[in-house]
Structures are given as structure tokens and as C-alpha cells.
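To start, the structure itself, in C-alpha cells.
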DNA sequence: GTGGGTAATTAAAACGTTATAAACACCCGA
DNA sequence: TCGGGTGTTTATAACGTTTTAATTACCCAC
């Protein structure tokens, strides 16, 4: 079932059939209709390998997947949104296992040099991300989750973590809390800086200080982080409010509260980043600001498609605002 | 950077280079070494599109991804294990968005007829799954998560849900609970039957009955399921034990208990299927049996590779036993 | 009626790889 | 000296598509 089959069936040349199927105006409208009808009838589907060999375009989007650590439900929701955005475009989504520990560039290099895809999607962006620099230099289409501090603009989708931190502080203040704590992602990631700035600025404006421990991060192994938090909340100088940047962090905090006999809403308050419906099931219910990961995936797909279409990268930045659909005191 | 480049560099013919790189014994050992060295030096990487066009093999594994409903962390862990198993084999993992609501066969058909991959992986298997039948008829390699009731054996990986249900009942009995409740997956899936059989058999052996409501399933929208459970536990004839087949179900149950003032361990007991580290963070801690999704993914990758290598499907079934690493009373 | 323009179609080449079949060099026994 | 092996290499074709350049058919003006 190839172009030759259709050519034989219609009596046309292979070239004509190929052109007709791509709606080339050089082919007579009647011929185009005939070819389309025949292709439909015979169930013709173009051979991607042949197309790719000829054109160099792979019709593949590579997603760098961190196998080790990832926020709960991050992968599923993001990939779901991405698939949604790419549906019907002929692009397929391929996962590229990424070991972040090693050289951050190897995975990206492999994809670019081996022409393993037409575009790349990745996250955990750093302020001067080597992958962003490399891909920009190579002129290879990509979108990253998170921003950089390069002066040259590049396609990116990010959540406004600075706003998240600021609003979270304000909500704790509204409950009379003045000694907040927040566990940050590892400092090398850009969004860690954003969180820090937002929190520090909001705290300074309110005349309070925020505790940002540097012996522990969001990537600390779960049991270790849980131990740390339990011990931290056991001390008399414990924080009276905790900002949780993610669902696992929220669960860790809630477990630590329970283990120390602290009642959320009375002894301590929690504001968390919410990324799935799970939060509705937690008791006590906690204050949360939403990060819509499915929307993030959709935006990344959309941006990448526009980038592949040759659109100028200057306009291809998206910043998603924290959703405020649920408040504890609402 | 193609075979021609290497051929030019070494003075050999393209055919010879191709053979040498695939370690063909017809090529002299010294020549093979020379070619290998040259390829390495020039950083040669074969063009997948050309290989695929010539051989028909795509070196792609297609994973059918349900975008709508999925257990918490299911996607991430399973894909992680799969990537692990496939690492270094040259196979890449591609996601194929699957709308289960429509014809269950369309996605699989598209992949087979369009030669979009060399193998397929999917889940939510039914007793007489049309996809399994179609793929078996076509002789197309695949592995599914879950078993069928066809007489002809096919590659599959499954969790022993029957054992899970049986052990769960026994654990509840050990706590003196005699009126257990379990919410099942939709009845059309095979693993729903396994859960049912295991639970019913264990209950019968103990001389008790188990409540298996059929107006609600694991796929019921979360808020609706939460409402149902809250109301169910509010009635005086409420169950004294709940078996939760998944993490979301466990959270729903715990929320309903909290909302009704029921204390787990005193008024009611819960046994759940655990698939991630999240459970360690829930308070009160609940009894759980582990399903290792990463291991599941690894097994599926392994089985599929062996199937692709032409191994007889008779031996390609894996049944994973429930892990018992944590018990409430341990 | 002949040259030139336009619209429609087509032949041929190419992408990079592998499989088939053929060629080559060499040595051995007769 | 020659036929027949053996070990090694090579020319050629093919996979299915798109692109470049060429061809055909037709109409119009001169």
C-alpha cells in the first residue's frame, strides 16, 4: 500500500500522487480529489521512515524524562497535556530517559546529532542552562519548563513561582503567622531562585523573616526529608507556618505535624502548591495554590509547534499564574 | 557523516563498512577493527530512518497511554521501569494517546497498519480483549498489563490481585473485622474479576460476606466517589473494614473516615494497595500491600524484548506477588 | 502555422541503509 | 596449467518518499 499502488490504480505518476496528497496547487483540483478518494478507499498511510529519510524531518518530539525524582503526578499530567496539544498534527511524543546526574548535555547532544527528533522538551531549567545555550546555538527547536537568565529569548513555559511564594506568605500573614518556613528545590534550578525572591521580598515587606534551610531540598530522599521535618517541628523555635512547594512536600509536612501533635489551623498553618485533585482528599484540608500541569503541557506543545513553524522565539514565552480556586478560609 | 564517509576514509566499499559495523564474520577481523575505529573517531551514528526504511524494523516501542484516568503515579513509575529495561537496546519508547472510550481497537490498528512501532504495550486488559486477539492474529509483538482468558498464551505481566484481595481480607479478619467493603475497577477489566474472586473466596472461607458495590468503581470521578464513600460510612450499617485498590481510593477512604469522625484502627480498619512512597506519609499509617510498578515496567520491557527476539510466548507470562514490606501492626 | 506562454503531469535522482548476487585474489591438489 | 574451493570484498538494487528538472498538451497572438 504505497504511492505506487495509488499511482497504478489511478493511472497517474507517483510524483503526481505525492503532490496531490499534499494538496499542491500545481495539480488540477479534479485530480487531487480523485487521488484523495482513492487513497482513502485503499487505506493508504504514508511511510514515516521514507518521509523522514527524504525530508530529514522526523515528526518526533523528544521529552527528556527524569527517572529519579519528579513531583507526584508531574509526568502523567504534563504528558497528557502535551499529547493533547500535539493531537492531529502528526507529531508523536517520545520519551528520552535522562540521567541528570551526569553531564547535563549528553542527552540533548544525542538527540540533536542523531536527528532523533524535530524538537526537544525538558524541565528543571537552570539560570545559565547549558542545554538552552547549546540548542539555541544549534538552532534546534525546543521548549523548556522554566526560564533562564540569558539575554537572548527562547521558547519557554513557566509557572510564576515568585507570585506563588509571595501569595503564600501573604496568606500565612493573614492567619497571623510570622515565622514561615519553606523548603526550596536545589539552588541550581531557576525556579528555586524565583521562589526565594518571592518569599524574601514578601517577608521583607511585612517586616518578618522566612526560614529557608539549605541543608535540605525538595530532592532530598523522602524518608530523610520526613525525618528532618519531624525534628524541625519538634523544636520549641519551630515555624508557625509552612509553605510546601509540591504535593509530596505537603504530605511530609502534614505527617510531621501529626507526629508532633500539631494541629493544622490551630498550632500551625500550611500553604501548598497543588497540582492534582489529591488535595481535596487530605484532612485537614489545607490552603493551596494550583499549578495546572496539564495546561503547562498543552502550552509547551503549542509553543513548540509554533517554534517548529518558524515563528520568532521572542513571543514564545508563557508564564502561568497560580490558580486560586481553593482557600482554606473560603 | 554516513557510511559513505567512512567508506571514503578507509577506501572500502559501503557494503563492507555496513557489514563490518554489524560484526559480520564474513568481513576480516582486521577490517572490522579498522572500520570500528574510524566510525568511533568520526562519531558516526546510523540513520534510523534509513535503517527502518530498509529493514522494516522501527526500533520503537509504542505505549498506549490513557489520558483520562490512571492511578496516581502509575504512568511515571511504569514508564521509568520500562525505560530502564530498554536502556542500551536501541529501542525508544513512544507514547500513543489512547481514548479508551471509543473503539478499543483503533489505536492498536493504527500502530500495526502504519508500522508505527515494533511492539506495543498496554494495560486495562479485558478477559476477551479485542486488542489481544487482533495482535495475536496479526503476529504483532506486544505485552499487556493484565491477563486474558483466551486459551492461547500471550506475553503478559500482571499483579496477583487475587492474592492481594485474599490477604487483605485475612488482615482485616486478624483485626476482628467481619464486614469488609471493597470498591472494584469496572467489571469489564480482568483484574476486576481477580479481585472479586480473591475477596469472595477468602470471605466465604471465613464465613463472612464482602460488600462489593456496583454503583461505583475505581474509575468514578474522584469527587463523586468521595461523596459516595462519605455517605456510605455515615450509615449505621457501615463496613468495619475497607480494602482500597489503589492510592487514590485509600485517600478517599481516609477522607471519608475523617469526615465521619471515624478513627482508623479503632472504629474501622483499612488495607490498601501501595504503589509509591506516599503511603509512608499518611497519618494514621495504614496497612498496605505493595505493587511494584517500576518492577512491572521492567518486566514488561524484558518480556517484550524476548518476544521481539522470537522467543516462544508460552513462557512469557509474569505474575508479580503482592509485596508485604509494611504492616500496620508490625 | 509558428513561436511563446501557461497549466498539468511526469521521469529521474536522491536520502542512507541492507540484502542479493557477483567478483576477486589466493592457495591447493591434480 | 588448470579447475575448484575458500576467504574477503564489492557492485547493484531496493525500501517509499519528495524534489528538481523536464516533458506534454493546449491556447493565444502574430
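Protein chains in written order, with my numbering: chain A, -1 to 328; chain B, -1 to 328.
Where a beta carbon is used, it is the ideal one built from N, C-alpha and C, also for glycine.
Quick caveat, the model's predicted, so the values are computed rather than measured.
Check	Outcome
Identified DSSP bridge partners for residue 91/B	93/A, 59/B
Beta-carbon proximity list for residue 84/A, same chain, < 6 angstroms, skipping 5 on both sides	299
Within 8 angstroms of chain A by C-beta, residues of the stretch 225 to 255 of chain B in sequence order	246, 249, 250, 252, 253
Cβ of residue 90/A within 9 angstroms of any chain B Cβ	yes
Reference residue 237/B, options 58/B, 161/B, 251/B, closest by Cα	251/B
Interface flag, residue 94/A vs chain B, CB-CB below 9 angstroms	yes
Residue 288/B - containing beta strand (DSSP E), residue span	285 to 288
Cross-strand partners of residue 180/B (DSSP beta bridge)	241/B
Nearest neighbour of residue 77/A, chosen from 294/A, 303/A, 301/A, 319/A [CA to CA]	294/A
Residue 48/B: contacting residues in chain A (beta-carbon distance under 7 angstroms)	51
Span separating the alpha-carbon of residue 51/B from that of residue 80/B	26 angstroms
Beta-carbon neighbours of residue 81/B, restricted to chain A and to distances below 8 angstroms	63, 65, 93, 95
Residue 96/A to residue 57/A span [Cα, whole Å]	21 angstroms
Residue 85/A, DSSP secondary structure in three states	coil
For residue 320/B and residue 287/B, believed in contact at Cβ under 8 angstroms, the rounded distance	4 angstroms
Residue 269/B vs residue 166/B beta-carbon contact at 9 angstroms	yes
Beta-carbon neighbours of residue 361/B, restricted to chain A and to distances below 8 angstroms	This structure does not reach residue 361/B, given that chain B is present from -1 up to 328, and the question cannot be answered.
Chain B contact for residue 9/A (CB, 9 angstroms cutoff)	no
Interface flag, residue 72/A vs chain B, CB-CB below 9 angstroms	yes
Beta carbon proximity, residue 117/A to chain B, threshold 9 angstroms	no
Local conformation of residue 145/A per DSSP, three classes	coil
Contact list for residue 43/B against chain A, beta-carbon separation under 7 angstroms	111, 112
Close beta carbons around residue 222/B, own chain, < 6 angstroms, minus the five adjacent residues each side	none
DSSP three-state assignment for residue 318/B, whether helix, strand or coil	strand
Proximal residues of chain A, C-beta to C-beta of residue 275/B below 8 angstroms	220, 221
For residue 267/A, three-class secondary structure by DSSP	strand
Local conformation of residue 309/A per DSSP, three classes	coil
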